[in-house]
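Chemist:
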Amino acid sequence: MIDPKERIARRIGRELSDGDLVNLGIGIPTLVSNYIPAGIRVFFQSENGIIGMGPLPEKGMENGDLTNAGGQCVTALPGSAIFDSAMSFSIIRGGHLDVTVLGGLQVDENGILANWMVPGRMVPGMGGAMDLVTGAKRVIVAMTHTSKGNPKIVKKCSLPITSNRRVDLIVTELAVIEPFPGGLMLKEKASDATVEEIQSLTEARLFVAEDLKDMV
Amino acid sequence: MIDPKERIARRIGRELSDGDLVNLGIGIPTLVSNYIPAGIRVFFQSENGIIGMGPLPEKGMENGDLTNAGGQCVTALPGSAIFDSAMSFSIIRGGHLDVTVLGGLQVDENGILANWMVPGRMVPGMGGAMDLVTGAKRVIVAMTHTSKGNPKIVKKCSLPITSNRRVDLIVTELAVIEPFPGGLMLKEKASDATVEEIQSLTEARLFVAEDLKDMV
Amino acid sequence: MRIVGMKETISLIKKDSSVMIGGFLGCGSPDCIINEIVENEISGLTLVANDTAFPEMGVGKLIVNKCASKIVVSHIGTNPETQRQMIEGELEVELVPQGTLAERIRAGGVGLGGILTPTGVGTVVQDGKKVVTIDGKDYLMELPLRADFALVKAKKADYFGNLVFSLTARNFNPLMVLACDTVIVEVEEIVPVGSLSPDEIHIPGVFVHYIAVGGRLQ
Amino acid sequence: MRIVGMKETISLIKKDSSVMIGGFLGCGSPDCIINEIVENEISGLTLVANDTAFPEMGVGKLIVNKCASKIVVSHIGTNPETQRQMIEGELEVELVPQGTLAERIRAGGVGLGGILTPTGVGTVVQDGKKVVTIDGKDYLMELPLRADFALVKAKKADYFGNLVFSLTARNFNPLMVLACDTVIVEVEEIVPVGSLSPDEIHIPGVFVHYIAVGGRLQ
Numbered sequence: 070m071i072d073p074k075e076r077i078a079r080r081i082g083r084e085l086s087d088g089d090l091v092n093l094g095i096g097i098p099t100l101v102s103n104y105i106p107a108g109i110r111v112f113f114q115s116e117n118g119i120i121g122m123g124p125l126p127e128k129g130m131e132n133g134d135l136t137n138a139g140g141q142c143v144t145a146l147p148g149s150a151i152f153d154s155a156m157s158f159s160i161i162r163g164g165h166l167d168v169t170v171l172g173g174l175q176v177d178e179n180g181i182l183a184n185w186m187v188p189g190r191m192v193p194g195m196g197g198a199m200d201l202v203t204g205a206k207r208v209i210v211a212m213t214h215t216s217k218g219n220p221k222i223v224k225k226c227s228l229p230i231t232s233n234r235r236v237d238l239i240v241t242e243l244a245v246i247e248p249f250p251g252g253l254m255l256k257e258k259a260s261d262a263t264v265e266e267i268q269s270l271t272e273a274r275l276f277v278a279e280d281l282k283d284m285v
Numbered sequence: 070m071i072d073p074k075e076r077i078a079r080r081i082g083r084e085l086s087d088g089d090l091v092n093l094g095i096g097i098p099t100l101v102s103n104y105i106p107a108g109i110r111v112f113f114q115s116e117n118g119i120i121g122m123g124p125l126p127e128k129g130m131e132n133g134d135l136t137n138a139g140g141q142c143v144t145a146l147p148g149s150a151i152f153d154s155a156m157s158f159s160i161i162r163g164g165h166l167d168v169t170v171l172g173g174l175q176v177d178e179n180g181i182l183a184n185w186m187v188p189g190r191m192v193p194g195m196g197g198a199m200d201l202v203t204g205a206k207r208v209i210v211a212m213t214h215t216s217k218g219n220p221k222i223v224k225k226c227s228l229p230i231t232s233n234r235r236v237d238l239i240v241t242e243l244a245v246i247e248p249f250p251g252g253l254m255l256k257e258k259a260s261d262a263t264v265e266e267i268q269s270l271t272e273a274r275l276f277v278a279e280d281l282k283d284m285v
Numbered sequence: 124m125r126i127v128g129m130k131e132t133i134s135l136i137k138k139d140s141s142v143m144i145g146g147f148l149g150c151g152s153p154d155c156i157i158n159e160i161v162e163n164e165i166s167g168l169t170l171v172a173n174d175t176a177f178p179e180m181g182v183g184k185l186i187v188n189k190c191a192s193k194i195v196v197s198h199i200g201t202n203p204e205t206q207r208q209m210i211e212g213e214l215e216v217e218l219v220p221q222g223t224l225a226e227r228i229r230a231g232g233v234g235l236g237g238i239l240t241p242t243g244v245g246t247v248v249q250d251g252k253k254v255v256t257i258d259g260k261d262y263l264m265e266l267p268l269r270a271d272f273a274l275v276k277a278k279k280a281d282y283f284g285n286l287v288f289s290l291t292a293r294n295f296n297p298l299m300v301l302a303c304d305t306v307i308v309e310v311e312e313i314v315p316v317g318s319l320s321p322d323e324i325h326i327p328g329v330f331v332h333y334i335a336v337g338g339r340l341q
Numbered sequence: 124m125r126i127v128g129m130k131e132t133i134s135l136i137k138k139d140s141s142v143m144i145g146g147f148l149g150c151g152s153p154d155c156i157i158n159e160i161v162e163n164e165i166s167g168l169t170l171v172a173n174d175t176a177f178p179e180m181g182v183g184k185l186i187v188n189k190c191a192s193k194i195v196v197s198h199i200g201t202n203p204e205t206q207r208q209m210i211e212g213e214l215e216v217e218l219v220p221q222g223t224l225a226e227r228i229r230a231g232g233v234g235l236g237g238i239l240t241p242t243g244v245g246t247v248v249q250d251g252k253k254v255v256t257i258d259g260k261d262y263l264m265e266l267p268l269r270a271d272f273a274l275v276k277a278k279k280a281d282y283f284g285n286l287v288f289s290l291t292a293r294n295f296n297p298l299m300v301l302a303c304d305t306v307i308v309e310v311e312e313i314v315p316v317g318s319l320s321p322d323e324i325h326i327p328g329v330f331v332h333y334i335a336v337g338g339r340l341q
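Residue numbers (the numbering used here), protein chains in the order written: chain A, 70 to 285; chain B, 70 to 285; chain C, 124 to 341; chain D, 124 to 341.
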């Protein structure tokens, strides 16, 4: 069976359209770049100030002046553009970013995301997460369905939230869930799981789409 | 006798210091560039987006992509820099401009300038004047002392004001006047005019500096 | 991003649209697109621009040919026709300090709800606006500006729409690209992808919807 | 603008100053100036930076060597020492969303009294801040940031101080140049006046007070 993280990334890849400007967070979201559907071109923006980031450089061709938002040396694809941090977040906050894919600690039944701190335990800071969730046209959360057996899709976030903006899609290894004003809609499920199994691993109530499909 | 406008421009030239970033308005202020004291280098900023503007080009070497804030073709000196309108006014409004020299319709005894419209008669718009007067480190008004015999230095501006910021210096062909919290201080007078003559052409009351000098 | 013919640009712009147009007294305006608007007698436009240039130049032509019913600008002193139409009540004119105009357009493009600026405090510009006092200093709360269309001029683009401007023809153009729903760029030349250094690109192509090659009129 | 030796830069920076430092996880930080601060054991600094990088890199070194008593940053997750000092109460940490940090520094440099941003509404970032509603949408009023010193890194300068940055080493550097009373720039090279095109200069030299050539550490 395909690795759960790869399954999530592959499914999210299918959400991208030709010409999209996309920002991928650290972790599972980064894997999405391996699953761009054939025939489309997407542009990757990185909040440190580049559109058109390419893959890691060949050994010996790294340059410390060209990095991604994780501090790793990257390459620049033909047609890439560089800008300062104000412009980088103008893109994000001004509604010019088509899709942001971020990891999540919790999403609640209002579609509210918490992904930047666990009080008293892990306080890395929000970095660009609050700007991305508030400003992007489409926010996709990429996360495992549970953490150590505990549901991450909850009734109400107990962790500090990232934004009061409802996210657009949650993709886990078990389900594709679309938050809507009335709650969370289960749109797709893993073929090897039942709706009941998914609900039992989910604290929030899931509405089931009439046209529920299997995840591909 | 030297032309009154040239006299004003020459006197203002002596206010500039080495390294100053200077914005000159249309009219008398433009003439100041002819009177930069020997041995100092000043940088001219133009609100359309350039620092290091040079003189008019030779005939046949004009290019419509390089103009001043009056729309005239200019040249670029070595070391000149170009930027967009947001940066241009970031310089002006952020307190990075050392000196702005502007024309005036009226200045009142609080040192408040009116220089952008005469209601019902002339409404060109404020252009960058409000930003310049509000944001520059030092605001110098260059104007003739009277207009058709009527004082331009008045008790209270009857025309719409440009900014509520007190200007730093008023230079006319007759006087150098420094506004201060208590009023207007006559610091220098033309050698061919008496204090009484100057006061008679000035509606606002002038305080006379203890060390009153002749204009040079 | 799509490359279109100059004639096609005009089919995108509807009567009564709001339109931002780059340029500073004609320098850096999209002259070919402006000519198309005039020829097609599009009217009722709300224009956002720095100025109305001169009667025979840039935005000035749109005024002379009565394409606009409202303008938001910092300066109209170089175009007597603008003043005439304003006085006759044919044209609504909103005057905005030039730096405030730049910041309002920027705010519209970068997702700010407004900005606090000292420019205009205590002047007629303050009328009807909220004054906010911070650390004892007064500021006007100025609101963002956006428009349906940006008509801008760049020196060149690559086939991804990355833009490079030329000298003082840059001015308001880069700001307007971010602040409009549809962005149409007139360029003198389209160059191959990869032929521009990422450091010399002034505006990334992701903001650009249409590009038309217009040559050089002056 | 004055060109100084790298050792001289440090004599300008006093204990307990506020200092903005460019860089993004170490990329584009003024590494030579940072080394001088560490060697001279300057302490009590208030740092404004995007992050605290890694323990052996960029701003991270200033944390490890206890040069700072307060930091204003968007992210500290890559430097465990920052977290340790914060938890032990040795270091005060103000966390600011990255885009808000950029806009606040910009506001400090361009003379705005504040900006209205939707980022942070309804989160802990809202605590103690004014909420302004415009057209039914809530915004936080965020205030400008300024500092005594900007320590920035550029690829090259000319002898007038005009700056060109390199690739993603640009990041916060250009913004900080406008927002500080004294601007000290570390460059790899100083080039003749007139050898840079006016269109390729990222920041005009008029903002720069001191330049020191630092070579290239990595």
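Every residue, glycine too, gets a C-beta built ideally from N, C-alpha and C.
Remember, it's a predicted structure, so these values are computed and weren't measured experimentally.
1) In terms of alpha-carbon separation, which member of B:N103, B:G96 and B:G121 lies closest to G88 of chain B?
2) Can you tell me the Cα-Cα spacing of W185 of chain B and I160 of chain D, whole angstroms?
3) I believe V107 of chain D touches L168 of chain D by the beta-carbon criterion, under 8 Å. Please report the beta-carbon distance rounded to the nearest angstrom.
4) Let's see if you can read the secondary structure: which residues bound the alpha helix (DSSP H) around V308 of chain D?
5) Quick one: what's got a C-beta closer than 8 Å to Q221 of chain D's C-beta in the same chain, skipping five residues either side?
6) For G196 of chain A, which of helix, strand or coil comes out of DSSP?
7) As a quick exercise: from A:G180, A:G173 and A:L228, pick the residue whose alpha carbon is nearest that of F249 of chain A.
8) Checking contacts by CB at 7 Å: is T240 of chain C closer than that to chain D?
9) Any idea what DSSP makes of G204 of chain B, helix, strand or coil?
10) Using DSSP with H/G/I as helix, E/B as strand and the rest coil, what is S192 of chain C?
11) Taking the straight line between their C-alpha atoms, what separation do you get for A198 of chain B and G200 of chain D?
12) Assuming P297 of chain D contacts D153 of chain A (C-beta within less than 8 Å), just tell me the rounded distance between them.
13) In chain D, which residues lie with their C-beta within 8 Å of the C-beta of G205 of chain A?
14) Would you identify the three-state DSSP class for D72 of chain A, choosing helix, strand or coil?
15) Closest Cβ-Cβ distance between A107 of chain B and chain D: below 7 Å?
16) Hey, does G222 of chain D have any beta-carbon neighbour from chain B nearer than 7 Å?
17) So P126 of chain A is in the alpha helix (DSSP H); what residue range does that whole segment cover?
18) Examine chain D for any beta-carbon lying closer than 7 Å to the beta-carbon of F158 of chain A, and answer yes or no.
19) Give the residues from the segment 273-303 of chain C that approach chain B closer than 9 Å (Cβ to any Cβ), ordered along the chain.
20) I'd like the span of the beta strand (DSSP E) that includes L218 of chain C, first residue to last.
21) For A150 of chain A, does the three-state DSSP call read helix, strand or coil?
22) Using DSSP with H/G/I as helix, E/B as strand and the rest coil, what is A176 of chain C?
23) Checking 7 Å against the spacing of the C-beta atoms, do I291 of chain D and T136 of chain A come in under that value?
24) Does the beta carbon of T136 of chain B sit closer than 7 Å to a beta carbon anywhere in chain C?
25) Thinking just about the alpha-carbon of each residue, which of C:C303, C:I326 and C:E211 is nearest to the one in K279 of chain C?
26) From the DSSP secondary-structure annotation, give me the bridge partner or partners of E159 of chain D.
27) I'd like to know whether the C-beta atoms of G145 of chain C and M180 of chain C end up nearer to each other than 7 Å.
28) Short check: CB of A183 of chain A to CB of P98 of chain A, under 7 Å?
29) Under DSSP, the beta strand (DSSP E) around T205 of chain C begins and ends at which residues?
30) Hey, C190 of chain D and I165 of chain D are a contact pair by Cβ (cut 8 Å); roughly how many whole angstroms apart?
31) Do you know how far the Cα of E217 of chain D is from the Cα of L235 of chain D?
32) Below 8 Å between beta carbons is the criterion; list the residues of the segment 236-262 of chain B that meet it against any residue of chain C, in chain order.
33) By the three-class DSSP mapping on this structure, what secondary structure does N219 of chain B have?
34) Distance, Cα to Cα, D139 of chain D vs E213 of chain D?
35) What does P321 of chain C reach in chain D if we use C-beta pairs closer than 7 Å?
36) Going by beta carbon distance, what residues of the same chain come within less than 6 Å of L243 of chain A, once the five residues before and after it are set aside?
Modeler: Considering the structure as presented:
1) B:G121
2) 50 Å
3) No information on residue 107 of chain D is available, as it lies outside the stretch 124 to 341 that chain D covers here.
4) Here V308 of chain D belongs to no alpha helix (DSSP H); instead the beta strand (DSSP E) covers C303 to V314.
5) N173, S197 and H198
6) Per DSSP, reduced to three states, the secondary structure at G196 of chain A is coil, with no helix or strand assignment.
7) It is A:G180.
8) yes
9) helix
10) DSSP, reduced to helix, strand and coil, places S192 of chain C within a strand of the structure shown.
11) Those two C-alpha atoms are separated by around 47 Å.
12) Correct: roughly 5 Å between the Cβ atoms.
13) It is worth fixing the name first, because residue 205 of chain A is Ala in this sequence and not Gly. Proximity of chain D to A205 of chain A at the Cβ level (cut-off 8 Å) is not reached, the minimal Cβ distance being about 11 Å.
14) coil
15) Not one chain D Cβ lies under 7 Å of A107 of chain B.
16) Judged by the 7 Å Cβ criterion, G222 of chain D is not in contact with chain B.
17) Unbroken run through P126 of chain A: none, as it is neither H nor E.
18) yes
19) K278, F288, S289, L290, T291, A292, R293, N294, F295, N296, P297 and L298
20) E215 to L218
21) Under the three-state reduction of DSSP output, A150 of chain A falls in the strand class.
22) coil
23) Reading off the sequence, residue 291 of chain D comes out as Thr, not Ile. It is a contact, given that the beta carbons lie within the stated cut-off.
24) yes
25) C:I326
26) DSSP lists no partner for E159 of chain D.
27) no
28) no
29) From DSSP, T205 of chain C is part of no beta strand (DSSP E) but of the alpha helix (DSSP H) over P203 to I210.
30) 6 Å
31) Roughly 21 Å between the two C-alpha positions.
32) Within the segment 236-262 of chain B, no residue has a Cβ that lies closer than 8 Å to any Cβ of chain C.
33) strand
34) 15 Å
35) L290
36) H214, A259, A262 and I267
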